[in-house]
Amino acid sequence: MTVRKLLVFQHAINRQTIHLLEDHAGRALPATEPGDPSMTVTPFPFVTQLNGMAATQDALAPLAFAGHAHFTAMQVRDGRIRGLDLHLARLRDASHALFGQALPDERMRAFLRAALAHAPSALSLTATVHATTGEFAAARDDEALDVLVRTAPPSSGPAGPLDLALFDYERVLPGIKHVGEVAKTHFLRRAVAQGFDDAAFVDRHGRISEGSIWNLAFRDGDTVVWPAADRLDGVTMQIVRRQLARLGVAQHDRALTPADVPAMTGAVVMNSWTPGIAVRRFGAATLPDAASFVALLHRAYEAEPLVAP
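Using my numbering, the letters of the sequence shown map in sequence onto residues 405 to 713.
What follows is the structure, encoded as structure tokens:
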């Protein structure tokens with residue numbers, strides 16, 4: 405799946421309606437036409453819930469363009485989640501950082517269970533935490549936290565390999581998965597306009613940090629190298645790291661510059677969709693085939709048990 409198709413797919417997810425499907429050969433299938441039973445598409449039973457209840461239009465309206473919130477994203481299979489402990493820790497830590505308080509883990513789990521009560525076997529899920537006082541207002545002693553949970557079609561990301569353009573950019577509060585980041589889409593679009601698939605970032609010190617919506621990993625011989633810079637440590641990245649450690653695979657953090665990339669023996673991107681998509685081109689550098697590296701990361705990820713919330 406190309407990035408352009410992926411953008412179309414994500415737009416459909418946001419609307420919770422699929423207007424464009426693809427057959428197994430990747431050919432576009434037209435949207436359902438009235439009266440054509442062969443093209444009938446059953447609506448996905450996905451939900452948008454606020455604090456465990458169906459979200460109303462009035463409740464969602466203030467959140468439409470709100471940016472003072474954080475979230476976590478995951479793939480759910482048969483009602484279970486890989487790295488659930490890491491997702492809960494992310495939500496807890498980010499809530500303390502942004503709001504000075506956090507909801508109990510059991511309450512967060514209850515919201516996840518409510519959203520998954522009648523869910524299909526495979527789906528994507530995001531859980532977003534925001535304060536009731538909203539934006540552009542000082543925190544209050546009686547400030548409470550709300551949780552918006554949305555489910556959507558499952559995704560495994562684009563097929564790859566990907567070509568990444570490099571941009572000088574640093575995310576604000578990089579350790580928090582927060583919302584309202586216009587730069588990620590801005591740089592992705594600039595990359596596509598230049599003939600690439602997506603964007604990767606270099607910080608003020610010349611270090612490679614992360615991708616637009618991805619963590620980056622490189623292979624140096626038999627060692628997995630994680631770029632050392634201010635970055636978001638994604639849940640998938642954390643899962644892979646702990647499972648690689650259990651497999652006895654050498655890995656470490658290392659400051660990398662674009663000049664170091666040609667010496668690498670492989671590179672991938674990863675996020676909640678997938679533990680590894682090969683990178684073919686990283687700025688001006690062309691990388692070797694990363695099939696064995698991708699396979700290793702998928703094996704590590706799949707060793708992580710699925711846990712019910």
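Glycine included, C-beta positions come from ideal geometry on N, C-alpha and C.
None of the values given here were measured: they were computed from a predicted structure.
Nearest neighbour of residue i, chosen from the options [CA to CA]
i       : options                            : result
Leu-620 : His-609, Arg-645, Arg-608          : Arg-645
Leu-660 : Ile-643, Leu-700, His-522, Ala-604 : Ala-604
Arg-684 : Trp-677, Asp-693, Ser-676, Thr-678 : Asp-693
Asp-657 : Asp-637, Ala-667, Pro-666, Arg-650 : Asp-637
Arg-486 : Gln-642, Ala-682, Ala-689, Ala-695 : Gln-642
Arg-511 : Val-553, Met-674, Pro-565          : Val-553
Thr-555 : Ala-458, Leu-710, Ala-663          : Ala-458
Sequence-distant residues of its chain with Cβ nearer than 6 Å to residue i (five each side left out)
i       : result
Asp-607 : Glu-574, Ser-613, Ala-633
Gly-456 : Phe-515, Ala-518
Pro-679 : Thr-640, Val-644, Leu-701, His-702, Tyr-705
Val-480 : Leu-527, Leu-529
Arg-635 : Pro-578, Ser-613, Glu-614
Thr-627 : Ala-654
Ala-595 : Ala-569, Asp-602, Ala-603
Ala-689 : Val-665, Pro-666
His-582 : His-474
Trp-618 : Val-673, Asn-675
Length of the line joining the Cα atoms of residue i and residue j
i       : j       : result
Val-551 : Thr-530 : 10 Å
Trp-630 : Thr-460 : 42 Å
Asp-624 : Ala-535 : 43 Å
Ser-499 : Leu-577 : 13 Å
Ala-587 : Asp-602 : 12 Å
Leu-454 : Ser-560 : 26 Å
Asp-545 : Ala-468 : 25 Å
Phe-450 : Gly-610 : 43 Å
Ala-682 : Arg-496 : 32 Å
Thr-452 : Asp-462 : 13 Å
Leu-566 : Gly-599 : 11 Å
Leu-490 : Val-533 : 16 Å
Ser-696 : Ala-654 : 15 Å
Ala-523 : Val-665 : 43 Å
Gly-687 : Val-698 : 20 Å
Arg-650 : Thr-537 : 44 Å
Asp-572 : Ala-597 : 17 Å
Ser-525 : Ala-663 : 44 Å
Pro-434 : Pro-557 : Bear in mind that a pLDDT of 32 at Pro-434, under 50, signals an unreliable position, so the number given afterwards is only what the model happens to contain. Approximately 18 Å between the Cα atoms of the pair.
Glu-541 : Pro-466 : Reading off the sequence, residue 541 comes out as Ala, not Glu. Each residue's alpha carbon lies about 14 Å from the other.
Arg-593 : Leu-710 : 35 Å
Leu-488 : Gly-652 : 23 Å
Thr-589 : Arg-513 : 31 Å
Residue i vs residue j beta-carbon contact at 8 Å
i       : j       : result
Ala-543 : Gly-584 : no
Ile-580 : His-474 : yes
Glu-547 : Gln-647 : no
Ala-477 : Ser-676 : yes
Ala-671 : Phe-591 : no
Met-668 : Leu-691 : yes
Asp-509 : Leu-520 : no
Close Cβ partners of residue i (< 7 Å) along its chain, the five nearest in sequence each way excluded
i       : result
Ala-712 : Gly-483, Arg-484
Glu-539 : Ala-470, Gly-471, His-472
Ala-501 : Ile-580
Arg-494 : Thr-476, Lys-581, Val-639
Own chain partners of residue i with C-beta closer than 8 Å, once the 5 adjacent residues on each side are dropped
i       : result
Leu-363 : Nothing in the structure corresponds to residue 363, since the chain is present only between 405 and 713.
Interface flag, residue i vs chain B, CB-CB below 8 Å
i       : result
His-590 : Here chain B cannot be found, since the structure has a single protein chain.
Check your understanding: Counting only runs that start and end within the segment 508 to 566, where is the beta strand (DSSP E) found for 3 or more residues in a row?
Key -> 526 to 535, 549 to 556
Point to revise | Every unbroken beta strand (DSSP E) inside the segment 598 to 671 [3 residues or more] | key: 602 to 606, 612 to 615, 619 to 624, 627 to 631, 655 to 658
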